[in-house]
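Participant:
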Amino acid sequence: MSSSKIQVRGQPLLRVPARNHRMTHLVVCGVSTKRHHREINALSSNSGPSLDSVPTRTDKRQFLRGDGNGKFGRFGGKFVPETLMSRLIELEDEFNFVRCDHEFQEELTTALRDYVGRETPLYFAERLTEHYKNIVPTIEGGPEIYLKREDLSHCGSHKINNALAQAMISRRLGCSRVVAATGAGQHGVATAAACAKLSLECTVFMGAADIEKQSFNVLSMKLLGAQVISVEGTFKDASSEAIRNWVENLYTTYYLSGTVVGPHPCPIIVREFQSVIGKETRRQAKQLWGGKPDVLVACVGSGSNALGLFHEFVGDEDVRLVGVEAAGLGLDSGKHSATLAFGDVGVYHGSMSYLLQDDQGQILKPHSVGVGLEYPGVGPEISFMKETGRAEFYTATDEEAIQACMRLSRLEGIIPALEASHALAFLDKLVPTLRDGAKVVVNCSGRGDKDLDTLIQRGMPSSFC
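Residue numbers (UniProt numbering): 1 to 465.
Shown next as structure tokens:
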């Protein structure tokens with residue numbers, strides 16, 4: 001029997017076939033081995049914690065932050081080559097400095113206000129609320145549905161919050177060039193815009209399949225001065241190429257991560273700069289109804305928009321956190337992006353988390369009509385929330401997301417991105433379980449202009465055209 005060796009931080013790890021041994025599950029740049037026997041966790045669309053209950057947990061304090069080394073329980077860490085360690089340590093030091101530096105924070109706050117357009121509204125979706133009141137006969141007053149309007153941010157999504165802040169860090173580190181990977185193109189557009197503003201060279205890696213689907217965003221990136229490089233595959237493949245390019249150009253190039261995955265400190269940096277979403281939501285809820293939301297709902301691909309909304313409320317035990325993954329063509333089809341429903345624990349792109357993989361430890365190809373959700377893993381903090389029960393996770397199919405997109409468009413005059421539409425779709429199952437007057441906040445993480453071609457190709461009724 002032949003075996004091969006892969007390298008994790010300088011230590012050789014023997015890889016042997018899964019069928020013969022229990023194996024540790026460590027993945028470096030897409031190669032994985034098992035940590036334990038595969039657990040079949042085939043959750044249905046209505047699986048997970050009871051919709052009528054709030055998950056319980058033990059020590060409230062453990063949910064507020066990691067251990068200082070990017071670990072959330074067993075998740076997170078730095079599974080990278082030694083050559084990358086010093087650069088990550090330098091990045092962590094700089095991040096820890098700027099998060100407390102008054103001058104940096106003042107510049108960022110001003111840019112978020114004047115350039116990005118923050119704060120974004122917490123919008124009462126009156127007609128959507130009335131819609132559910134009318135179709136659910138058991139509801140009298142019904143819950144109230146609010147949208148956190150990240151779709152109104154400059155560039156059309158929440159991605160600019162993080163891209164702008166990290167571009168500022170890149171400049172401080174003396175890097176004249178930024179590389180990034182994008183799926184739906186929203187992070188690519190945000191990165192290109194931030195680099196244009198700060199006079200930085202920008203290269204964006206994007207899967208060929210995604211380029212075909214998201215031509216509008218590709219043209220926007222190019223107009224903003226970015227070089228867009230096509231990669232065979234989808235977002236996971238583009239991410240691998242962006243990281244490889246970064247490693248080859250460490251001291252002139254900054255890798256601008258758009259989501260809460262990757263080696264520490266990347267997930268925490270992204271979460272920190274996206275947490276403005278939840279901070280605004282708390283303040284706005286206090287102003288609008290004098291309290292907190294009862295339920296927060298967000299789509300979950302790898303997790304940046306969900307953590308951006310959730311993190312502020314992690315310590316509030318009376319606030320439910322609900323994440324919605326992409327069930328694609330159905331959980332039984334094998335064509336989905338439901339990592340938390342079907343995944344096992346392993347290491348991919350430098351950190352330990354839940355992953356979609358086969359019995360041999362090979363990464364599976366994810367699928368979703370919302371291409372921004374097509375990633376075969378989730379962030380370590382999201383995995384920790386699943387394992388501890390602090391957040392609930394469910395799924396919505398492609399068809400359910402498309403219908404939710406159309407519904408919001410017609411009822412509220414707001415075209416949501418297909419990614420955000422997964423969160424909106426889950427309202428069909430969530431709303432009937434809620435008490436009258438409950439306040440539900442859905443993160444409308446992006447606008448849907450980019451998805452019009454997809455909607456038409458998927459058979460959008462002529463009445464919607």
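We put the beta carbon where it would ideally sit given N, CA and C, even for glycine.
Quick one: measure Cβ to Cβ for P120 and L152, integer angstroms, because I've assumed they're closer than 8 Å.
Facilitator: Counting from one through the sequence shown, the residue named residue 120 turns up at place 120. Counting from one through the sequence shown, the residue named residue 152 turns up at place 152. Contrary to the premise, residue 120 reads as Thr rather than Pro in this sequence. Contact holds; Cβ gap of about 5 Å.
Participant: Taking DSSP as the reference, what is the three-state secondary structure of I414?
Facilitator: Taking the first residue of the sequence shown as 1, we reach residue 414 at position 414. If DSSP states are grouped into helix, strand and coil, I414 belongs with coil.
Participant: Here's a check: name, in chain order, each residue in its chain whose Cβ is nearer than 6 Å to the Cβ of L250, leaving out the five neighbours to either side.
Facilitator: Here the question's residue 250 lines up with position 250 in the sequence shown. Closer than 6 Å at Cβ, skipping near neighbours: R87.
Participant: Which partner residues of T253 appear in the DSSP bridge assignment?
Facilitator: Sequence index remark: in the sequence shown, residue 253 carries index 253 (1-based). Looking at the DSSP assignment, T253 forms a beta bridge with R177.
Participant: Return the first residue and the last residue of the alpha helix (DSSP H) that C266 is part of.
Facilitator: Locating residue 266 in the sequence shown gives position 266, counting from the first residue. From DSSP, the alpha helix (DSSP H) with C266 extends over 266-274.
Participant: In whole angstroms, what is the alpha-carbon distance linking L329 and D344?
Facilitator: As a working mapping, residue 329 is identified with position 329 in the sequence shown. As a working mapping, residue 344 is identified with position 344 in the sequence shown. Roughly 21 Å between the two C-alpha positions.
Participant: So residue 488 and R74 are in contact, right, with Cβ under 8 Å, and what is the actual spacing, rounded?
Facilitator: An answer regarding residue 488 cannot be provided, because it is not within the stretch 1 to 465 covered by the chain.
Participant: When you compare each of A327, I243, N69, E201 to G301 by their alpha carbons, which one comes out closest?
Facilitator: As a first step, residue 301 is located in the sequence shown; it is residue number 301 there, counting from the start. With distances taken between Cα atoms, G301 lies closest to A327.
Participant: Within 10 angstroms of the Cβ of D59, are there 16 or more other Cβ atoms? Answer buried if so, exposed if not.
Facilitator: Taking the first residue of the sequence shown as position 1, residue 59 is located at position 59. Reliability of the predicted coordinates at D59 is poor, the pLDDT of 47 falling under 50, and the value obtained from them is presented with this limitation in mind. Looking at its Cβ environment, which holds fewer than 16 other Cβ atoms inside 10 Å, D59 is exposed.
Participant: DSSP three-state label for S230, please.
Facilitator: Counting from 1 along the sequence shown, the entry for residue 230 is found at position 230. Correct three-state label for S230: strand.
Participant: Tell me, please, which residues DSSP counts as bridged to C444.
Facilitator: Here residue 444 corresponds to residue number 444 of the sequence shown, with the count starting at 1. Note: C444 is bridge-paired with R149 in the DSSP secondary-structure output.
Participant: Give me the Cα-Cα distance between residue 472 and C202, rounded to the nearest whole angstrom.
Facilitator: Any property of residue 472 remains undetermined from this structure, which presents the chain solely from 1 to 465.
Participant: Terminal residues of the continuous beta strand (DSSP E) containing A338?
Facilitator: Position 338 of the sequence shown, counting from 1, holds the residue named residue 338. Counting along the chain, A338 falls outside any beta strand (DSSP E), and DSSP gives it neither H nor E.
Participant: Can you tell me which residues form a DSSP beta bridge with Q214?
Facilitator: If you number the sequence shown from 1, residue 214 lands on position 214. DSSP, once it has assigned bridges, lists no residue as partnering Q214.
Participant: Give the DSSP-derived three-state secondary structure of A425 in the structure shown.
Facilitator: Numbered from its first residue, the sequence shown carries residue 425 at position 425. Three-state result, A425: helix.
Participant: Span of the alpha helix (DSSP H) holding G188?
Facilitator: In the sequence shown, counting from the first residue as 1, residue 188 sits at position 188. 186-198 is the span of the alpha helix (DSSP H), which, as asked, contains G188.
Participant: Give me the Cα-Cα distance between G350 and V440, rounded to the nearest whole angstrom.
Facilitator: By one-based count along the sequence shown, residue 350 stands at place 350. By one-based count along the sequence shown, residue 440 stands at place 440. Roughly 35 Å between the two C-alpha positions.
Participant: Please determine, among L411, P432, N443, R410, the residue with the shortest C-alpha to C-alpha distance to A423.
Facilitator: Position 423 of the sequence shown, counted from the first residue, corresponds to residue 423. Comparing Cα-Cα distances from A423 to each of L411, P432, N443, R410, the minimum goes to N443.
Participant: How about E144 and A438: do their beta carbons lie closer than 9 Å?
Facilitator: Working through the sequence shown from its first residue, we reach residue 144 at position 144. Working through the sequence shown from its first residue, we reach residue 438 at position 438. Result yes, Cβ atoms of E144 and A438 sit closer than 9 Å.
Participant: Using DSSP with H/G/I as helix, E/B as strand and the rest coil, what is C405?
Facilitator: For the purposes of this step, residue 405 is identified with residue 405 of the sequence shown, where counting begins at 1. In this structure, C405 counts as helix in the three-state DSSP scheme.
Participant: Suppose the cutoff is 6 Å on Cβ atoms and the five residues either side in sequence are ignored; what does the same chain contact list for Q186 look like?
Facilitator: For the purposes of this step, residue 186 is identified with residue 186 of the sequence shown, where counting begins at 1. Closer than 6 Å at Cβ, skipping near neighbours: S157, K159, G446.
Participant: Anyone know if the C-beta pair for F97 and V297 falls short of 9 Å?
Facilitator: Here residue 97 corresponds to residue number 97 of the sequence shown, with the count starting at 1. Here residue 297 corresponds to residue number 297 of the sequence shown, with the count starting at 1. No; because the gap between Cβ atoms is not below 9 Å, this pair is not in contact.
Participant: Taking the alpha-carbon positions, what's the T388 to G315 distance?
Facilitator: Sequence index remark: in the sequence shown, residue 388 carries index 388 (1-based). Sequence index remark: in the sequence shown, residue 315 carries index 315 (1-based). Rounded to whole angstroms, T388 to G315 spans 13 Å at the Cα level.
Participant: Among T110, K148, R177, K286, which residue has its Cα nearest to the Cα of A125?
Facilitator: In the sequence shown, counting from the first residue as 1, residue 125 sits at position 125. Of T110, K148, R177, K286, the residue nearest in Cα terms is K148.
Participant: So residue 521 and H154 are in contact, right, with Cβ under 8 Å, and what is the actual spacing, rounded?
Facilitator: Not covered by the structure: residue 521. The range shown for the chain is 1 to 465.
Participant: Report the option in A396, D359, L364, L355 whose CA atom is closest to the CA atom of P380.
Facilitator: Translated into positions along the sequence shown, residue 380 becomes position 380. Measuring from the Cα of P380, the nearest candidate turns out to be L355.
Participant: Whole angstroms is fine: what's the gap from D332's alpha carbon to T397's?
Facilitator: Taking the sequence shown and counting its residues from 1, one reaches residue 332 at position 332. Taking the sequence shown and counting its residues from 1, one reaches residue 397 at position 397. Whole-angstrom Cα-Cα distance: 11 Å.
Participant: Taking Cβ positions, are P432 and V136 nearer each other than 9 Å?
Facilitator: Reading the sequence shown from its first residue, position 432 is the one you call residue 432. Reading the sequence shown from its first residue, position 136 is the one you call residue 136. Here P432 is near V136, since their CB atoms are less than 9 Å apart.
Participant: In the DSSP output, which residue or residues are listed as bridge partners for A298?
Facilitator: Start at 1 with the first residue of the sequence shown, and residue 298 comes out as number 298. DSSP lists G323 as partners of A298.
Participant: Looking at G308 and V276, is the spacing between their C-beta atoms short of 9 Å?
Facilitator: Translated into the one-based positions of the sequence shown, residue 276 becomes position 276. Translated into the one-based positions of the sequence shown, residue 308 becomes position 308. Cβ distance < 9 Å, so V276 and G308 count as in contact.
Participant: Helix, strand or coil for Y123 per DSSP?
Facilitator: Counting from one through the sequence shown, the residue named residue 123 turns up at place 123. Note: Y123 maps to strand in three-state DSSP.
Participant: Which of the three DSSP states is assigned to E419 in this structure?
Facilitator: Taking the first residue of the sequence shown as position 1, residue 419 is located at position 419. If DSSP states are grouped into helix, strand and coil, E419 belongs with the helices.
Participant: Taking C-beta to C-beta, are F205 and E232 nearer than 9 Å?
Facilitator: Looking up residue 205 in the sequence shown gives position 205. Looking up residue 232 in the sequence shown gives position 232. Contact: no.
Participant: Please report the residue range of the alpha helix (DSSP H) in which E317 lies.
Facilitator: Numbered from its first residue, the sequence shown carries residue 317 at position 317. No alpha helix (DSSP H) holds E317; DSSP gives it neither H nor E.
Participant: Could you check where the beta strand (DSSP E) with E201 kicks off and where it finishes?
Facilitator: As a working note, residue 201 is residue 201 in the sequence shown. E201 -> beta strand (DSSP E) spans 201-207.
Participant: Taking C-beta to C-beta, are G77 and G68 nearer than 9 Å?
Facilitator: Taking the sequence shown and counting its residues from 1, the one referred to as residue 77 is at position 77. Taking the sequence shown and counting its residues from 1, the one referred to as residue 68 is at position 68. Going by C-beta atoms, G77 is not nearer than 9 Å to G68.
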